[in-house]
Every structure is written in structure tokens, then in C-alpha cells.
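Colleague: In my numbering, the protein residues as written are 1 to 285.
From the three backbone atoms N, C-alpha and C, an ideal C-beta is built for every residue, glycine too.
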């Protein structure tokens, strides 16, 4: 068994498809199929159930995936260690909430890259739930999410605080506006739990939800009168649509937002990542 076999096996397990795994790895599909077949023969076990809906891990496959993740993570750390120098360089994969990517990240990322141009920074936006999973799965090195995050494998550092506000296209009380359709990011949006508690407290039921994929789309939708939305005040203030909406303050118990930066406790600290952590600490000042 070679590390290349484990990389292919992990890709198929994650993607649930030979075709998708081949595309992700930039391999020929027949090569991926053959390598999985050879791996199963070498181990004399069936790693996947082949179905019309794709590839699903067997119990043996689930066990192997855990070891594959550990082995590949150690190999990655060994490679990074060998390449380390005092001058930060190389890939740096950061996850971020879209609102944080708009409000907090640009200025600090620009400053960071001006000082360390050899770092290859990539930013992936998603909701808090998905970003935590991406950190745990080693898909990103660290991520900006809403905290606090309670997980034994994750370390977090506070970054900033914000205020959650209700926005609408017209004046009125917050309670009145809560009865309007609400615009949200996808199902993983962390504000939804707050809304449910708030609506229950206000005695409002059967709230209509409209999902959008971007902050810009939500702000444009609210501005056009499609409904209301709960957003960090900083995101509304820095948007070009902020002047076209009304901001309603929420009850004190629902206002506070904490933004934290998370990463795995066992993550190998490259010079690029350690320097970025220093930049994150600057955000708190």
C-alpha cells in the first residue's frame, strides 16, 4: 500500500464517486478505478459498496479511512516541516463566514500578503457548521466562525464581537418586521436557532424562510422588499445597500455575536500559519 493509494481512496470516500474523485485529483477515471480495485485485492477486503448512487464505504472502508486521514496528515506535516524556513511561504487555506470575509478579512489579508508575498492564500466561504467540519477534515487550515465552538479537537482564539440586527425595507417595530418573510443563508446558517427562540418568545409561528447563497443577494432582496434578514451590523454598515434598509435593534439577549478563529489542536504549525495566527491576534486590537 502506497501513500498515493491512500490519497485516491480518501478522495473517492469523500466525493462518493469515482468520476468526481478523478476530476478532483486530475486523474484519468480508469486509473482511479484500477487503483481502488488493486487496493481492495491487496488488502483482501471490500472497501466500497458500488451502487447506482455512487460509492459508499463499507465498515472496513470506514476503519481504513480513519487511518488514511492520520497517515496522510502526518505525511503532509513531514513535507511542510522539510520545507519550513524563517520566511513564511507556501499554501495557506483559510475558511471564513461570508460576512467576515467582507468586513474583517480584506484589510488584514492585504496587509499579510504585502509582508509575505510568497504565501499562497486561498479563502473559502461557508457557514459555521460547514467550516467547523472542514477544519476537522483538514480541508482548510483554520477558519473564522461564530463562537464559542465546543469541540475537543479544536482550538479557538477570539477575534471580534459584532451586533446582530434585523434589517427591512421599511420602518416599523422589530416585532412587526419579524412577521415578514425572512431571508437567510443556507440551512447551516447559525442565526436560525436564534430566530426560532426569538419568534417563539414573540408568539410568531409558521415563519416563511427564503434562502440565498450570498450576502449581496440577501441585502439586495431586503432592499427590494422581499423580506427581512438578520445580519451582523458591520456587514450592513459596509454594504452599498446599507443606506437603503432600516436597521432594527433586537432584544439584548439576541444581539451579541462573537467571531473566533479555529484550527485543529494537532495541526502542524507552518511558518505561514503561525504568522497568520499573529495577524489574527492583531485583529483583536
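#1: Would you mind reading off the limits of the beta strand (DSSP E) that contains residue 266?
#2: Counting only runs that start and end within the stretch 105–191, where is the alpha helix (DSSP H) found for 4 or more residues in a row?
#3: Using alpha carbons as the reference points, say which of 161, 65, 178 lies closest to residue 169.
#4: Among 94, 114, 102, 162, which one has its Cα closest to the Cα of residue 135?
#5: Of the residues 137, 1, 154, which one's Cα is nearest the Cα of residue 263?
#6: According to DSSP, is residue 212 part of a helix, a strand, or is it coil?
#7: So who's on the other strand from residue 197, going by DSSP bridges?
#8: Three-state secondary structure (DSSP) at residue 72?
#9: Taking 8 Å as the cut-off, decide whether the C-beta atoms of residue 259 and residue 159 are in contact.
#10: Note down, in chain order, each residue of its chain lying with its Cβ closer than 8 Å to the Cβ of residue 257, except the 5 sequence neighbours on either side.
#11: Quick check on residue 205: buried or exposed, where buried means 16 or more other Cβ atoms within 10 Å of its Cβ?
#12: Considering residue 29, what are the terminal residues of the beta strand (DSSP E) in which it resides?
#13: For residue 46 and residue 185, what's the separation of their Cα atoms in angstroms?
#14: For residue 102, which residues from the same chain have a beta carbon less than 7 Å from its beta carbon, with the 5 sequence-adjacent residues on both sides left out?
Modeller: The structure says:
#1: Bounds of any beta strand (DSSP E) do not take in residue 266, whose DSSP letter is neither H nor E.
#2: 105–115, 128–136, 174–177
#3: 178
#4: 94
#5: 154
#6: coil
#7: As far as DSSP is concerned, residue 197 takes part in no beta bridge.
#8: helix
#9: yes
#10: 146, 161, 162, 163, 164, 232
#11: exposed
#12: Residue 29 -> not in any beta strand (DSSP E); alpha helix (DSSP H) instead, spanning 29–43.
#13: 39 Å
#14: 215, 235, 238
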